[in-house]
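S.K.: I have a structure I would like to understand better, so I am pasting it below and will then ask my questions one at a time.
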Ligand SMILES: Nc1ncnc2c1ncn2[C@@H]1O[C@H](COP(=O)(O)OP(=O)(O)OP(=O)(O)O)[C@@H](O)[C@H]1O
Ligand SMILES: [Mg+2]
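Right, dumping it as structure tokens:
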């Protein structure tokens with residue numbers, strides 16, 4: 014069995030991003046984009062890809078359909094060094110999912126066909142493989158339709174076996190934010206919501222109060238806030254830190270890459286403020302090229318960016 018440090022359980026699909034469409038999008042007209050990117054998408058796969066590029070050994074548990082989209086996504090993960098030997102292949106039936114993203118000046122449309130990500134279930138997971146890792150990460154809690162009832166148990170087992178754990182819920186497409194996610198948080202070491210998610214999960218408008226509630230459940234709460242300072246809370250300590258300034262191409266997967274940066278340092282036993290600084294650097298860098306992983310294909314440029322900003326942060 015290949016030696017892995019982090020086991021990511023999650024969804025995998027490609028992102029098709031169409032840039033430069035007119036605004037507003039008018040019905041029944043042919044609307045022209047100025048550019049497109051077909052790139053590795055989905056929160057789990059982006060985090061796994063970029064965490065592996067940063068130098069942490071990653072194994073991925075997921076399910077793909079019998080189609081080219083699934084093959085391309087797996088090839089991209091493999092090329093980054095991620096172990097995909099435990100990804101299940103559906104022999105027929107449901108296709109691999111696809112997300113179409115239409116960036117607009119202030120906001121973006123995100124249209125997802127979930128496909129196999131709705132189907133992965135507990136019996137698809139090789140627990141021996143998962144528990145051979147030091148750390149369990151799960152992204153996109155609300156997209157795992159079949160797996161969701163087993164997620165608390167998955168985290169409980171991981172903690173019992175001595176793994177550390179992390180979770181990024183991402184958005185709830187049903188906008189229900191049901192309380193089962195709070196159960197899971199009792200077994201989460203690093204919780205990585207963005208600001209809107211932190212508020213919705215706790216049903217609290219006040220971000221500080223939302224973090225109080227989340228920090229009573231998870232050990233470390235890290236709130237992503239785009240170009241605004243990210244917040245890290247653990248026990249009574251809190252750090253606020255702005256990301257480096259960049260010229261973003263898009264924000265797709267910035268949060269997932271932030272998570273990859275945080276976990277990379279966390280698993281090295283770094284101080285939480287250093288994990289936060291590194292997460293910000295990774296997240297900001299991911300916005301400088303298309304999608305969530307394109308920036309991480311140029312490892313030399315990534316190293317230069319990290320060195321430049323690490324030395325800025327620490328003198
Ligand atoms: N405009 C920006 N400039 C610099 N850094 C940014 C910018 N946007 C995002 N980041 C970095 O990426 C992190 C995550 O961003 P964001 O708040 O978009 O997360 P998210 O909503 O979870 O994203 P995702 O779309 O991946 O789910 C930020 O905390 C920051 O470190
Ligand atoms: Mg996110």
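Residue numbers (the numbering used here): 14 to 328.
For every residue, glycine included, the Cβ atom is placed at its ideal position computed from N, Cα and C.
Hey, how far is the Cα of residue 291 from the Cα of residue 171?
M.R.: For the purposes of this step, residue 291 is taken as the residue at position 278 of the chain shown. For the purposes of this step, residue 171 is taken as the residue at position 158 of the chain shown. Rounded to the nearest angstrom, the two C-alpha atoms are 26 Å apart.
S.K.: Would you mind sorting residue 26 into buried or exposed? The rule is 16 or more other CB atoms within 10 Å of its CB.
M.R.: For this step, residue 26 is matched to residue 13 along the chain shown. It counts as buried.
S.K.: Output needed for residue 124: all residues of its chain with C-beta closer than 6 Å, excluding positions within five of it in sequence on either side, in chain order.
M.R.: Here residue 124 corresponds to residue number 111 of the chain shown, with the count starting at 1. Contacts found: 113.
S.K.: For residue 50, write down the residues that DSSP places opposite it in a beta bridge.
M.R.: In the chain shown, counting from the first residue as 1, residue 50 sits at position 37. Note: residue 50 sits in a beta bridge opposite 30.
S.K.: Once the 5 residues before and after residue 255 are set aside, which same chain residues still bring their CB inside 6 Å of it?
M.R.: Taking the chain shown and counting its residues from 1, one reaches residue 255 at position 242. 242, listed in sequence order.
S.K.: Could you tell me whether any non-hydrogen atom of ligand 1 is closer than 7 Å to the CB of residue 267?
M.R.: Counting from one through the chain shown, the residue named residue 267 turns up at place 254. It does: the Cβ of residue 267 is within 7 Å (strictly closer) of some heavy atom of ligand 1.
S.K.: Return the CA-CA distance between residue 245 and residue 235, expressed in angstroms with no decimal places.
M.R.: As a working mapping, residue 245 is identified with position 232 in the chain shown. As a working mapping, residue 235 is identified with position 222 in the chain shown. Taking the straight line from one Cα to the other gives about 4 Å.
S.K.: From the DSSP output, which residues share a beta bridge with residue 73?
M.R.: Along the chain shown, one-based indexing puts residue 73 at 60. Answer is 21.
S.K.: Would residue 138 and residue 59 qualify as a contact pair, given that the criterion is a beta-carbon distance under 8 Å?
M.R.: Position 125 of the chain shown holds residue 138. Position 46 of the chain shown holds residue 59. Against a cut-off of 8 Å, the Cβ pair of residue 59 and residue 138 comes out as no contact.
S.K.: The beta strand (DSSP E) with residue 121 in it runs from where to where?
M.R.: Numbered from 1 along the chain shown, position 108 holds the residue referred to as residue 121. Here the beta strand (DSSP E) through residue 121 covers 121-128.
S.K.: Helix, strand or coil for residue 68? Go by DSSP, reduced to three states.
M.R.: For this step, residue 68 is matched to residue 55 along the chain shown. Residue state, collapsed to three classes: coil.
S.K.: Within the present structure, is the beta-carbon of residue 225 separated from the nearest heavy atom of ligand 2 by less than 7 Å?
M.R.: The residue you call residue 225 lines up with position 212 of the chain shown. Judged by the Cβ position, residue 225 fails to qualify as a neighbour of ligand 2 at the 7 Å threshold, every heavy atom of the ligand being at least this far.
S.K.: Does residue 237 come out as helix, strand or coil in the three-state DSSP assignment?
M.R.: Your numbering for residue 237 matches position 224 in the chain shown. Residue state, collapsed to three classes: strand.
S.K.: For a quick check, are the C-beta atoms of residue 100 and residue 87 less than 8 Å apart?
M.R.: As a position in the chain shown, residue 100 is number 87, starting the count at 1. As a position in the chain shown, residue 87 is number 74, starting the count at 1. Against a cut-off of 8 Å, the Cβ pair of residue 87 and residue 100 comes out as a contact.
S.K.: I'd like to check one pair, residue 152 with residue 56: are the Cβ atoms closer than 8 Å?
M.R.: Counting from one through the chain shown, the residue named residue 56 turns up at place 43. Counting from one through the chain shown, the residue named residue 152 turns up at place 139. With contacts defined by Cβ atoms closer than 8 Å, residue 56 and residue 152 form a contacting pair.
S.K.: How many whole angstroms separate the CB atoms of residue 52 and residue 77, which I take to be in contact at a CB cut-off of 8 Å?
M.R.: Here residue 52 refers to the residue found at position 39 of the chain shown. Here residue 77 refers to the residue found at position 64 of the chain shown. 16 Å between Cβ atoms; not a contact.
S.K.: Using 10 angstroms around the beta-carbon of residue 21, count the other beta-carbons present and answer buried if the total reaches 16, otherwise exposed.
M.R.: Looking up residue 21 in the chain shown gives position 8. So residue 21 counts as buried.
S.K.: Could you check which residue in 310, 203, 297 and 133 has the C-alpha nearest to that of residue 268?
M.R.: To locate residue 268, count along the chain shown from 1; it is residue 255. Ranking 310, 203, 297 and 133 by Cα distance to residue 268 puts 297 first.
S.K.: For residue 145, which residues does DSSP report across the bridge?
M.R.: Within the chain shown, the letter at position 132 stands for residue 145. BP columns for residue 145 are empty, so no partner.
S.K.: Using the beta-carbon count (16 or more within 10 Å), is residue 120 buried or exposed?
M.R.: For the purposes of this step, residue 120 is identified with residue 107 of the chain shown, where counting begins at 1. That one is exposed.
S.K.: Per DSSP, what are the beta-bridge partners of residue 157 in this structure?
M.R.: In the chain shown, residue 157 corresponds to position 144, counting from 1. Paired residues: none, contrary to the question.
S.K.: Rank 79, 228 and 35 by C-alpha distance to the C-alpha of residue 105 and give the top, closest one.
M.R.: The sequence position of residue 105 within the chain shown is 92, counting from 1. Residue 79 is the option with its Cα nearest to residue 105.
S.K.: For residue 48, I'd like the list of residues in its chain whose CB is within less than 7 Å of its CB, leaving aside the five on either flank, ordered along the chain.
M.R.: Taking the chain shown and counting its residues from 1, one reaches residue 48 at position 35. The answer, listed in chain order, is 32 and 33.
S.K.: Using a Cβ distance threshold of 8 Å, determine whether the stretch 275-285 contacts the stretch 307-323, with at least three qualifying pairs required.
M.R.: No, they do not touch.
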